[in-house]
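Per this note's numbering, numbering through the sequence shown is continuous, rising by one, with the last residue being 331.
Here the structure is laid out as structure tokens; the discussion comes afterwards.
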Amino acid sequence: MRKFFEKLKNIKIWVCVMIVLLVGSAVGALVAAIKIDGVDFIGALSGVSSFFVAVLTALYVYTTSKQIDVANKQLMEMKEERVTNEQPLIMLKNDRFEIERPNFYYTPCTGEYSFQSRYYYKVKLVNVSNFPALWIDVSAEILIPKNGELLHKESIQHRINILTPNNESKEIDIMFAQDIDTSLFTALRELSTKQLPLIRLTLYYKNLCGGYFRVDEVRQLIPHKDVEENIRNWQTMIISSKTNHKESLDLLLKLPKEDEKKEELFQLIKENFQLKLGEGKDIEIQAIEIPTLYKFSIISEETYKEETKDFHYPRHLHKVSECIEDKNDKL
């Protein structure tokens, strides 16, 4: 507000200067009309007045636009202050990482068959603030160190429409599929903690004032001692099954989609794989928080739109022609 009043003070000074100049010009025109023959006092005064009116009009337009700019800037500052004061804060609760028992899968519509484990990161979100969070997009990726670089295994995003103040969400299941080369198994068998995989969870959400926020949390995945043997056996089975079932897989791909033998062969391969796999349930892996990698950010609308434009969400697959219909066999 102080800047606004300073602007008004400057305007008053300029108006006073223009009035003094206008009066001075009128006096000058009067003197010229008296002393110089042929000078039209009224015409001279009218011309001078028109000039100063034009100058005053331009000055008025300029100063008015400046006032509008100042007012708009003040409104933006007030909005930013409100956004800053009304920040929803979302934390993670009861998070855990699970490796599903390996199975034989058919991916609909792509026509691909694979032996693999699917991975799940399960977590609840808690709004620990006094302000609601809107349109929460939950995204995750597994980061696997390999040859000095990081392999990225991305998940499908999840959307929560609203999380009210001091409330928690239902448990979210974030699935990772298509790790056909068992990169995660290899990383989990590393002896050095620097080579163990990470999981990064990113949250995007809004508040009621139109502010945009991003939260990044990183966990390190560390297997318990009692599951190391299972991890090793499962990886061996997944890799060897591609060779052991090569002829059956080739035949499966050649059979017409309408042939009933295709479904029978699929189930036969699946049962044979499970029989050789032996007993064993899903494996739970420790997800240890890394506090130094936690980050909370207020982001612009442009950044929000750019970073979320390619998000896609899980949907139910209804009956699709050319796809095997067993729901348990689909990714």
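Even for Gly, the Cβ is constructed at its ideal location relative to N, Cα and C.
For this session: Give a yes or no on whether the C-beta atoms belonging to R96 and E284 are separated by under 7 Å.
Result: Cβ distance < 7 Å, so R96 and E284 count as in contact.
Problem set entry | DSSP bridge partner residues for Q195 (one or two, in chain order) | DSSP, once it has assigned bridges, lists no residue as partnering Q195.
For this session: Look up A287 in the DSSP assignment and say whether it is helix, strand or coil.
Result: In this structure, DSSP gives A287 an extended state, which the three-state scheme calls strand.
Problem set entry | K257 to Y106 span [Cα, whole Å] | When only Cα atoms are considered, K257 and Y106 end up about 13 Å apart.
Problem set entry | For T243, three-class secondary structure by DSSP | Correct three-state label for T243: helix.
Exercise. For F311 versus Q157, is the C-beta distance shorter than 7 Å?
Worked result: Taking 7 Å as the Cβ cut-off, F311 and Q157 qualify as a contacting pair.
Exercise. If you follow the alpha helix (DSSP H) that I298 is part of, which residue opens it and which one closes it?
Worked result: Boundaries for I298: no alpha helix (DSSP H) harbours it, while the beta strand (DSSP E) harbouring it runs 295-299, taken from the DSSP string.
Exercise. If you count every other CB in all the chains shown that lies within 10 Å of the CB of E217, and 16 or more means buried, which is it?
Worked result: It is buried - the Cβ of E217 has at least 16 other Cβ atoms within 10 Å.
Problem set entry | Own chain partners of L252 with C-beta closer than 8 Å, once the 5 adjacent residues on each side are dropped | Around L252: Y113, K262, L265, F266, I269.
Exercise. Under the DSSP definition of a beta bridge, which residues are partnered with K124?
Worked result: K124 is bridged to K93.
Exercise. Are the CB atoms of K93 and K124 nearer to each other than 7 Å?
Worked result: Yes, the pair counts as a contact, with Cβ atoms nearer than the cut-off.
Exercise. Among all the DSSP beta bridges, which residues are the ones paired with Q116?
Worked result: Looking at the DSSP assignment, Q116 forms a beta bridge with N103.
Problem set entry | Inter-residue Cα distance where the pair is S192 and T308 | The alpha-carbon separation between S192 and T308 amounts to approximately 34 Å.
Exercise. What is the DSSP secondary structure of R219, reduced to helix, strand or coil?
Worked result: Of the three classes helix, strand and coil, the one that applies to R219 here is strand, per DSSP.
For this session: Have a look at S155 and R200 and give me their C-alpha separation to the nearest angstrom.
Result: Using only the alpha carbons, I get a separation of about 11 Å.
Problem set entry | L251 in three-state terms, based on DSSP | Helix at L251.
Exercise. Taking C-beta to C-beta, are F131 and N207 nearer than 7 Å?
Worked result: Cβ atoms of F131 and N207: closer than 7 Å.
For this session: Could you spell out where the beta strand (DSSP E) holding S146 opens and where it closes?
Result: One detail in the question is off: residue 146 reads as Lys in this sequence, not Ser. Per DSSP, the unbroken beta strand (DSSP E) holding K146 starts and ends at 133-146.
Exercise. Counting along the chain, where does the alpha helix (DSSP H) carrying F176 start and finish?
Worked result: For F176, there is no enclosing alpha helix (DSSP H); the enclosing beta strand (DSSP E) has its first and last residue at 172-176.
Exercise. What does a CB cutoff of less than 6 Å around Y119 pick up in its chain, not counting 5 residues either side in sequence?
Worked result: The answer, listed in chain order, is I99, F176.
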